[in-house]
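Q:
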Amino acid sequence: MFKLEEIRYVVNGPERGMQGRASVESFSEDEMRKVVGFHSTMPGYSPTPLASLPSLAKRLGLGSIHVKDESHRFGLKAFKVLGGCYAIAMHLAQKLGKDISELPFQVLTSDQVKQQLGDVTFATTTDGNHGRGVAWTARMLRQKAVVYMPKGSAVFRLEKIRGEGAQAEILDMNYDDAVRYTDQQAKKHGWVVVQDTAWEGYTDIPLWIMQGYGTMVVEALEQMKARGEERPTHVFIQAGVGSLAGAVQGVLRARFGQDAPKVVVVEASAAACYYESAVAGDGKPRAVGGDLFTLMAGLACGEVNIIGYEILRDYAAAFVSCPDYVAARGMRVLGNPLEGDQKVISGESGAVTTGLLAYLMDRPELKGLREALDLNESSRVLLFSTEGDTDPDRYRSVVWDGEFPTVGHLSRP
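Residue numbering for the sequence shown follows my numbering, starting at 195 and increasing by one per position.
(1) Taking the C-alpha atoms as reference points, what is the distance between Leu528 and Gln389?
(2) Tell me whether Arg590 is buried or exposed, calling it buried when 16 or more other Cβ atoms sit within 10 Å of its Cβ.
(3) Report the partner residues of Leu611 according to the DSSP bridge assignment.
(4) Does the beta-carbon distance from Lys338 to Thr315 come in below 8 Å?
(5) Let me check understanding here. Comparing Cα to Cα, which of Arg557, Val482, Leu446, Leu532 lies closest to Glu223?
(6) So, Met555 versus Leu532, is the Cβ gap smaller than 8 Å?
(7) Can you give me the Cβ contacts of Asp366 inside the same chain, cut-off strictly under 7 Å, excluding the 5 residues immediately before and after it?
(8) Based on the DSSP secondary-structure assignment, which residues constitute the bridge partners of Thr318?
(9) Using three-state DSSP, classify Cys495 as helix, strand or coil.
(10) Note down the Cα distance separating Cys516 from Asp305, rounded to an integer number of angstroms.
(11) What is the C-beta distance between Met404 and Ala441, in whole angstroms, given that I count them as a contact (C-beta under 8 Å)?
(12) On the CB-based measure, 16 or more other CB atoms within 10 Å of its CB, does Gly444 come out buried or exposed?
(13) Applying the criterion that 16 or more other CB atoms from any shown protein chain within 10 Å of the CB defines a buried residue, is Pro208 buried or exposed?
(14) Under 8 Å, with one C-beta from each stretch per pair, do the region 536 to 556 and the region 210 to 230 reach the 3-pair mark?
(15) Using C-beta distances below 8 Å, list every residue in its chain close to Arg526, excluding the 5 sequence neighbours before and after it, in chain order.
(16) Given a cut-off of 8 Å, decide if Pro455 and Arg480 are closer than it, judged by their beta-carbon atoms.
(17) Out of Leu270, Lys252, Asn323, Tyr239, point me to the one whose CA is closest to Glu571's CA.
(18) Where does Ser605 sit, in a helix, a strand or coil, going by DSSP?
(19) Out of Ala448, Gly436, Pro586, Ser579, which has the shortest C-alpha to C-alpha gap to Ala245?
(20) Identify the continuous alpha helix (DSSP H) that holds Ala448 and give its terminal residues.
(21) Is it buried or exposed, Val349, if we count other Cβ atoms within 10 angstroms and call 16 or more buried?
(22) For Ser295, collect the residues of the same chain with a Cβ closer than 7 Å to its Cβ; drop the 5 residues on either side in sequence, then sort them by chain order.
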């Protein structure tokens with residue numbers, strides 16, 4: 195009988211850097227109106243569904259569970275295009291000397307703007323979803339994209355990126371090294387790097403990407419309110435470099451202040467740089483090296499986005515490191531719902547928060563985290579399924595064929 199890798203967690207507090215000082219002004223309601231305003235001009239835009247899971251909530255002893263289903267985003271099956279597209283638009287607005295409000299998508303893709311801009315090449319590193327979003331945007335703008343992927347990336351995702359007209363290849367290096375390689379190539383060839391990893395001297399585009407992700411949060415809050423739930427009490431959000439997680443925390447803190455929902459940051463154990471930073475407890479980020487192999491390809495990032503890190507360090511309620519079987523459990527729970535619940539096709543990185551929630555409400559060894567977060571029958575939990583089956587073969591391997599088995603891990607659900 196084998197021993198399962200443990201789910202590990204750190205509850206955040208002042209002794210670990212939680213000071214409530216990081217600015218969230220970039221995620222204010224005024225800024226988010228500009229972001230949503232731009233996205234709403236894009237062809238095919240509509241808010242993605244917010245699935246309700248009342249039966250699962252009852253079974254887990256929670257008030258409600260809502261899952262934002264990003265498999266419906268612009269036909270790309272992932273949320274990432276929200277960030278890459280907005281960052282590119284902001285970069286071009288700056289280059290054109292205009293405010294983003296003057297550049298709806300139809301204007302940005304016009305012949306006149308193309309003539310003003312000339313030829314631009316956008317470069318990025320991706321496990322798949324972000325790169326496809328950048329490639330899609332570049333194609334819509336009649337520009338070029340170069341996309342590099344870390345070793346272990348799915349060939350299916352590579353071909354989808356190439357299908358958007360981009361030059362793309364899988365490198366023999368991990369994600370963080372691939373980011374550095376992309377930056378070097380961009381400097382050499384005069385390309386524009388569109389990366390959600392921020393570092394010293396490179397913060398504008400990562401911040402714009404994070405702001406772009408805010409549309410997803412604004413939509414979810416409005417959808418919950420329309421259902422009579424003023425706001426969530428808890429939000430579980432996955433993190434790779436932490437751009438999405440930082441954006442979610444930023445929007446919630448900017449809107450609700452000290453009454454913001456408790457945010458739980460969830461990572462793959464093979465690349466848990468936020469968890470390791472929290473364990474260190476000195477307020478400084480820690481990096482995780484090595485191959486970073488994990489089922490959760492979208493979270494296989496060992497170095498933090500410094501903007502997201504400061505926000506999450508100062509405001510997040512907890513950091514959790516999850517083995518791959520947790521994501522597999524989430525994929526199965528969402529894809530095979532209880533009676534009365536809506537079905538969600540969720541990929542590996544999209545489902546880990548659901549898998550964690552299922553374990554968290556049942557496992558005795560996680561009682562301390564349950565109690566620290568005050569999760570109970572009054573809790574309103576919001577989750578983000580950030581991708582659909584963007585790697586269909588892997589999805590079926592997990593959901594149909596039982597890769598990363600979870601049989602017998604818990605008695606319910």
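Ideal Cβ positions, reconstructed from N, Cα and C, are used throughout, including at glycine.
These numbers were taken from a predicted model, which means no experiment stands behind them.
A: Taking the definition as stated:
(1) 30 Å
(2) exposed
(3) This structure cannot speak to residue 611, because the chain is shown only from 195 to 607.
(4) yes
(5) Comparing Cα positions, the closest option is Leu446.
(6) Contact: no.
(7) Lys345
(8) Val341
(9) coil
(10) 48 Å
(11) 4 Å
(12) buried
(13) The residue in question, Pro208, is exposed, as its Cβ has fewer than 16 Cβ neighbours within 10 Å.
(14) Result no; under three Cβ-Cβ pairs closer than 8 Å.
(15) The answer, listed in chain order, is Val592, Val593, Thr600.
(16) no
(17) Closest in alpha carbon position to Glu571, among Leu270, Lys252, Asn323, Tyr239, is Lys252.
(18) In this prediction, Ser605 scores a pLDDT of 46, lower than 50, which makes its location untrustworthy; no coordinate-derived value is stated.
(19) Comparing Cα-Cα distances from Ala245 to each of Ala448, Gly436, Pro586, Ser579, the minimum goes to Ser579.
(20) 437 to 450
(21) With fewer than 16 other Cβ atoms from the protein chains shown falling within 10 Å of its own Cβ, Val349 counts as exposed.
(22) Lys228, Gly231
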